[in-house]
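In my numbering, the protein residues as written are 1122 to 1413. For each residue, glycine too, the CB sits at the ideal point set by N, CA and C. Predicted model, so just to flag it, every value in this text is computed and none were measured. Below is one structure, written out as structure tokens; comments come after it.
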């Protein structure tokens, strides 16, 4: 078990059970739910619903990261998310994450009550965000991306190349390791074959030495296998969540909390059984039967 230290004196214990991060896009143009929660009252209703279904974290974003989405100004991003973060933090029903790469947005969000900064550019678009995380004590999600750069042909080698640079930025800013979680960035400039390869080899990412968060929810890697309906995409997402849980992921960033909660309960039960049997074998109280 690993303790993830967060802003405002909070923490999360990672490892024993899956943790769910509910996606709350306060935007008009996000790929799955754009326009559904772009008003504060609707956003808060959705956040409360996800908390009720078991989300430990609500991840609030004010700028779409879908391919081809138009950029918004920092001011517009802040006007969208800060009222929602303030309201959520005042209710105290969950931890709050801000999905941004902008240093000033991150600073204002933590001041408004956010506990976690989730940067989809891995500190490499606006490195000043690392200093904000260090100064505020926020938990930090560092995501891998292939956008805007040349990638290595091997998906795991490229993960290590990019994330090693991000971790160097974090450490230079004085961010302690216990505040960092890594995200391999499924679908961010990765085609279907790359996503499947990354999923198949996901266990290798544990060599980075940090807890892992995954965000496969309703993305093309699930959609091209199970169809375009929300129901199909959520089932596909839950399947990827179970696979990645069994390979070592700790946190799951999802649109449909309930479906993933139920699927991950089975994965957690299997992991618990495997861990218990391994401990028993190490203690010498259980022997593995040999088939003749």
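Exercise. Exposed or buried, residue 1337, counting other C-beta atoms within 10 Å across all chains shown (16 or more means buried)?
Worked result: In the chain shown, the residue the question calls residue 1337 occupies position 216. Under this definition residue 1337 is a buried residue.
Exercise. Leaving out the 5 sequence neighbours to the left and right, which residues in its chain are closer than 8 Å to residue 1109 when beta-carbon positions are compared?
Worked result: Because the chain here runs from 1122 to 1413, residue 1109 falls outside it and cannot be looked at.
Exercise. If you count every other CB in all the chains shown that lies within 10 Å of the CB of residue 1362, and 16 or more means buried, which is it?
Worked result: In the chain shown, the residue the question calls residue 1362 occupies position 241. The residue in question, residue 1362, is buried, as its Cβ has 16 or more Cβ neighbours within 10 Å.
For this session: Compare the beta carbon distance of residue 1144 and residue 1341 with 8 Å and say whether it is the shorter of the two.
Result: As a working note, residue 1144 is residue 23 in the chain shown. As a working note, residue 1341 is residue 220 in the chain shown. Contact flag unset, no.
Exercise. Excluding the five sequence neighbours on either side, which residues of its own chain have a C-beta within less than 6 Å of the C-beta of residue 1389, listed in chain order?
Worked result: The count along the chain shown starts at 1 and reaches residue 1389 at position 268. If we look at residue 1389 and ignore the five residues flanking it on each side, its Cβ neighbours are 1138, 1139.
Problem set entry | Rounded straight-line distance, which links the Cα of residue 1220 to that of residue 1150 | Your numbering for residue 1150 matches position 29 in the chain shown. Your numbering for residue 1220 matches position 99 in the chain shown. Per-residue confidence for residue 1150 stands at a pLDDT of 47, beneath the threshold of 50, marking its modelled position as unreliable; the derived number appears in the next sentence. Spanning the two alpha carbons is a distance of roughly 15 Å.
Exercise. Between which two residues does the alpha helix (DSSP H) carrying residue 1378 extend?
Worked result: Within the chain shown, the letter at position 257 stands for residue 1378. Where residue 1378 is concerned, the enclosing alpha helix (DSSP H) stretches over 1378-1404.
For this session: Taking all protein chains shown into account, decide if residue 1387 is buried (16 or more other Cβ within 10 angstroms of its Cβ) or exposed.
Result: For the purposes of this step, residue 1387 is identified with residue 266 of the chain shown, where counting begins at 1. The residue is exposed, with fewer than 16 neighbouring Cβ atoms inside 10 Å.
Exercise. CB-CB under 8 Å to residue 1134, same chain, minus the five flanking residues each way: which ones, in chain order?
Worked result: In the chain shown, the residue the question calls residue 1134 occupies position 13. The residues are 1122, 1123, 1124, 1125.
For this session: Note down the Cα distance separating residue 1284 from residue 1265, rounded to an integer number of angstroms.
Result: Within the chain shown, the letter at position 163 stands for residue 1284. Within the chain shown, the letter at position 144 stands for residue 1265. Approximately 6 Å, taken between the alpha carbons.
For this session: Classify residue 1254 as buried or exposed, calling it buried when 16 or more other Cβ atoms lie within 10 Å of its own Cβ.
Result: Position 133 of the chain shown holds residue 1254. Buried, by the Cβ-count rule.
For this session: Return the CA-CA distance between residue 1127 and residue 1311, expressed in angstroms with no decimal places.
Result: Reading the chain shown from its first residue, position 6 is the one you call residue 1127. Reading the chain shown from its first residue, position 190 is the one you call residue 1311. Answer to the nearest angstrom: the Cα atoms are 30 Å apart.
Exercise. Residues in its own chain within less than 7 Å of residue 1141 by CB, not counting five upstream and five downstream?
Worked result: The sequence position of residue 1141 within the chain shown is 20, counting from 1. Excluding sequence neighbours, residue 1141 sits near 1175, 1176, 1177, 1373, 1375, 1378, 1381, 1382.
Problem set entry | Per-residue DSSP class, three states only, for residue 1123 | Against the chain shown, residue 1123 aligns to sequence position 2. Residue state, collapsed to three classes: strand.
Problem set entry | Beta-carbon separation (whole angstroms), residue 1435 vs residue 1182, contact threshold 8 Å | Within the shown structure, residues of the chain are numbered from 1122 to 1413, placing residue 1435 beyond reach of any answer.
Exercise. How close, in whole Å, do the beta carbons of residue 1307 and residue 1262 come, if the pair is a contact with beta carbons under 8 Å?
Worked result: Residue mapping note: residue 1307 aligns to position 186 of the chain shown, counting from 1. Residue mapping note: residue 1262 aligns to position 141 of the chain shown, counting from 1. About 14 Å separates the two Cβ atoms, so there is no contact after all.
Exercise. What did DSSP end up calling residue 1312 once you bin it into helix, strand or coil?
Worked result: Counted from its first residue, the chain shown places residue 1312 at position 191. It is coil, neither helix nor strand.
Exercise. Can we count residue 1274 as close to the ligand GDP, meaning its CB is less than 7 Å from some heavy atom?
Worked result: Of ligands this structure carries none, so the ligand GDP is not represented either.
Exercise. Alpha helix (DSSP H) containing residue 1302: first to last residue?
Worked result: In the chain shown, counting from the first residue as 1, residue 1302 sits at position 181. From DSSP, residue 1302 is part of no alpha helix (DSSP H) but of the beta strand (DSSP E) over 1301-1304.
Problem set entry | DSSP state of residue 1193 mapped onto helix, strand, coil | In the chain shown, the residue the question calls residue 1193 occupies position 72. Residue 1193 falls in the coil class under three-state DSSP.
Exercise. How many Å lie between residue 1204 and residue 1161 at the Cα?
Worked result: Locating residue 1204 in the chain shown gives position 83, counting from the first residue. Locating residue 1161 in the chain shown gives position 40, counting from the first residue. Those two C-alpha atoms are separated by around 7 Å.
Problem set entry | Pairwise C-alpha distance: residue 1244 and residue 1301 | Residue 1301 sits at position 180 when you count from the first residue of the chain shown. Residue 1244 sits at position 123 when you count from the first residue of the chain shown. Straight-line Cα distance between these residues: approximately 12 Å.
Exercise. Who are the near neighbours of residue 1247 in its chain, counting only those whose CB is closer than 7 Å to its CB and skipping five residues on each side?
Worked result: Start at 1 with the first residue of the chain shown, and residue 1247 comes out as number 126. Excluding residues within five positions, the ones whose Cβ falls inside 7 Å are 1222, 1223, 1224.
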